[in-house]
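Protein sequences, first through last, are from chains A and B. Taking our numbering, the leading residue of the first sequence gets 1, the next gets one more, and so forth. Taking our numbering, the leading residue of the second sequence gets 1, the next gets one more, and so forth. Just so it is clear, CB atoms sit at the ideal spot from N, CA and C, and this is done for glycine as well. Structure, as structure tokens:
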Amino acid sequence: MEEALQLIANGVVIGSVIAVAAVGLTLVFGILRLINFAHGDFLTLGAFAAVVGTGAGLPLYVAAIPAILVGAGVMGGLEKVLWGPMRRRGASTVNLLIISIGLALVLRYTLFWIFGSGVYRYGPISQRIDFGLFALTPQDVIIVVGSAAALFGVALMLQKTRIGKAMRALSDNKDLAEASGIDVNRVTMITWLIAGALTAYGGIMLGLQGRVFANMGWFLLLLIFAGVILGGIGSAYGAMIGSMIIGVTQELATHSAIGLPSDLKTGVAFLVLILVLLVRPQGIMGRKQAL
Amino acid sequence: MADVLLEARDLRAGYVPEVDIVRGCDLDVAEGDLVSVIGPNGAGKSTLIKSLFGLVPVRGGTVRFKDEDVTGAPTHRLVAAGIGYVPQTENVFPTLTVEENLEMGAYLRPRILEDRYEELFEWFPILAERRKQRAGTMSGGQRQLVALARALMLQPSLLLLDEPSAGLSPANVDVIFERIQLINSKGVAILMVEQNARRALAMSDRGYVLEMGQNRFTGPGKELLNDPKVIDLYLGGRASGGAQSA
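This is the structure in structure tokens:
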């Protein structure tokens with residue numbers, strides 16, 4: 001039992017990181033029907049942007065601010081010079097998907113080129129704090145609290161603000177949004193900026209777990225996709241729930257009573273994904289729709 | 001005759017390059033008028049209304065709205081100029097509540113929101129009861145009311161309706177047509193495309209019969225209803241009667 005609680009706690013930590021990344025991915029998908037394979041490498045970009053700051057002697061919470069701006073700026077800039085022009089030229093979903101894979105490679109190997117293949121750290125990982133039923137490092141606690149705050153902020157924005165409602169409207173029905181007088185290009189740009197900021201933030205959270213390296217976001221990408229799809233693609237709340245399930249499942253899979261090697265834990269998370277989709281093909285919060 | 005609100009001359013439009021679906025249409029809507037466009041399937045009725053609203057590329061001819069040339073103008077500009085539009089299908093935001101749907105209708109002028117809620121909930125009382133319900137969970141007839149209310153949020157002077165009665169039960173068809181007449185009686189000009197030709201013409205100030213993307217017959221709604229050629233060709237013959245029904 002104790003072991004299970006500890007594994008669930010670990011799962012919530014990784015699930016929190018996945019959720020922050022997954023929400024950014026699903027917001028963009030909801031509006032553009034773009035499956036962005038470069039999303040994982042944007043996490044890495046955010047994590048490294050913060051490394052630059054901490055390397056210069058800044059505390060992480062200060063270094064995070066320019067890093068988040070870099071994430072938002074690069075995603076927004078790419079909408080301006082790449083995604084927007086591509087859509088106006090009528091690029092298909094498959095074209096855009098292939099472009100995003102190319103973009104992922106460019107980003108990743110640019111980071112390899114600049115930072116090399118070494119492992120960076122924001123600082124030493126502190127001793128675990130015993131919470132009675134489980135123990136977590138202070139960094140883990142920051143990850144969970146920080147992610148929850150970010151996700152709460154996104155939910156509040158989507159639910160209460162004019163721009164958030166416009167984002168949901170656009171995700172529901174782009175033509176009708178246009179016919180209602182919503183400036184679709186502007187809302188799209190704002191969505192990218194929010195997704196970029198959120199992704200960089202998620203990258204920093206991922207780095208806070210211990211290590212920053214050029215493949216870190218790429219390694220997490222499939223789990224992010226799993227969280228998004230499990231929750232129902234395009235649904236921000238679904239992405240939060242789905243990511244948490246994926247995070248907790250893969251940690252629980254390593255429970256000694258199950259006896260699986262930890263190399264298989266990702267496989268178990270995907271098994272759960274497949275089982276859920278067999279019962280509910282549109283995902284937990286998703287609507288039935290043709291892509 | 002009242003002032004002309006919308007005027008289309010020799011309009012040509014289509015989705016695919018080189019293939020015009022609307023092939024030289026003329027159309028006038030005066031302020032406060034209720035105008036119907038009828039015609040067989042594939043006559044280009046919906047394409048006509050979409051081309052007026054910037055949703056289908058215009059290839060030739062002119063469109064003037066309130067004495068301004070708006071030929072090929074982008075949709076959001078036409079919305080700002082005072083045109084509302086209700087598509088035939090997928091005309092609500094399904095995951096948004098009724099209230100949020102209406103809020104999106106007033107996106108360009110959020111300050112008028114509260115005043116507009118008041119008037120529209122008076123016109124559509126059922127929506128006031130369902131304010132917090134998601135539009136996607138409502139019946140077809142109720143969704144159509146949400147769609148109408150959304151399009152009326154900015155107080156348009158012209159409302160474009162693409163087959164407002166399509167897919168509705170007979171009882172709901174009555175409700176929708178009755179609401180359309182109410183909206184029109186408040187001074188909003190209406191241009192609607194309808195399959196339900198008899199009902200549409202009976203309540204229209206003017207009617208246009210479209211065929212192969214061109215004007216075939218034009219005139220006051222009741223005149224067209226009683227025109228033997230229109231009856232034979234488009235209203236299913238005299239035998240079925242109903243020309244008097246209004």
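- Taking A/R211 as reference, the option from A/R89, A/G146, A/G24 and A/Q139 with the minimal CA-CA separation is A/Q139.
- Bridge partners of B/E7 according to DSSP: B/D28 and B/R64.
- Contact of A/A166 with chain B by beta-carbon distance below 8 angstroms involves M104 and Y107.
- For B/I83, the three-state secondary structure derived from DSSP is strand.
- B/A189 is outside the set of residues whose beta carbon lies under 8 angstroms from a beta carbon in chain A.
- At a cut-off of 8 angstroms between beta-carbon atoms, A/R280 makes no contact with chain B.
- Scanning its chain for C-beta atoms nearer than 6 angstroms, with the 5 sequence neighbours on each side dropped, one finds around A/S243 the residues G15, I18, A19, A22 and G227, in chain order.
- Counting the other CB atoms within 10 Å of its CB gives B/Y117 a total of 16 or more, which places it among the buried residues.
- For the segment 31-75 of chain A, the continuous alpha helix (DSSP H) assignments of 4+ residues that do not extend past its boundaries occur at 39-55, in sequence order.
- Going by C-alpha positions, A/R87 is about 10 angstroms away from A/N95.
- By the C-beta density criterion, B/N184 is buried, having at least 16 other C-beta atoms within 10 angstroms.
- Using a Cβ-Cβ cut-off of 8 angstroms, B/F93 counts as an interface residue toward chain A, since at least one Cβ of chain A sits closer than that to its own.
- The segment 72-88 of chain B makes no contact with the segment 144-151 of chain A: fewer than 3 CB pairs, one atom from each, lie closer than 8 angstroms.
- About 3 angstroms separates the CB atoms of A/G203 and A/G46; that is less than 8 angstroms, so the two are in contact.
- Residue range Q214 to G219 is occupied by the beta strand (DSSP E) that includes B/F217.
- Ranked by Cα distance from A/G231, the options A/T266, A/V272, A/R186 and A/G207 are led by A/V272.
- Excluding its 5 nearest sequence neighbours in each direction, B/G207 has C-beta neighbours in its own chain below 6 angstroms: S36, L201, G221 and L224, listed in chain order.
- According to the DSSP secondary-structure assignment, B/M192 is paired through a beta bridge with B/S36 and B/L161.
- Taking a Cβ-Cβ threshold of 9 angstroms, the residues of chain B close to A/R162 are E103, Y107 and P110, in chain order.
- Under DSSP, no beta-bridge partner is assigned to B/Y107.
- Listed along chain A, the residues sitting closer than 7 angstroms to B/Y85 by beta-carbon distance are A179.
- The C-beta of A/R89 has fewer than 16 other C-beta atoms within 10 Å across all chains shown, which makes the residue exposed.
- Taking a Cβ-Cβ threshold of 8 angstroms, the residues of chain A close to B/E90 are N173, D175 and L176, in chain order.
- Apart from sequence neighbours up to five positions away, the residues of its chain that approach B/K50 with a beta-carbon distance below 7 angstroms are V56, ordered along the chain.
- In the three-state scheme derived from DSSP, where H, G and I count as helix and E and B as strand, A/L260 is classed as coil.
- Contact annotation for B/A80 against chain A: G181 [CB-CB distance below 8 angstroms, chain order].
- In this structure, A/A166 and A/I182 form a Cβ contact; the two beta carbons are roughly 5 angstroms apart against a cut-off of 8 angstroms.
- Annotated three-state conformation of B/L48 is helix, per DSSP.
- Classified as buried, A/D172 has 16 or more neighbouring CB atoms from the shown chains inside 10 Å of its CB.
- Taking the Cα positions, B/R216 is about 5 angstroms away from B/V209.
- A straight-line Cα-Cα distance of about 32 angstroms links B/L5 and A/R162.
- The Cβ neighbour count for A/W113, taken over all protein chains shown within 10 Å, is under 16; the residue is labelled exposed.
- Among the CB atoms of chain A, one or more fall inside 8 angstroms of the CB of B/T75.
- Flagged as an interface residue toward chain B: A/A169, by a C-beta distance shorter than 8 angstroms.
- Assignment of A/I284 by DSSP, reduced to helix, strand and coil, places it in the coil class.
- Secondary structure of B/D115 (DSSP, three-state): helix.
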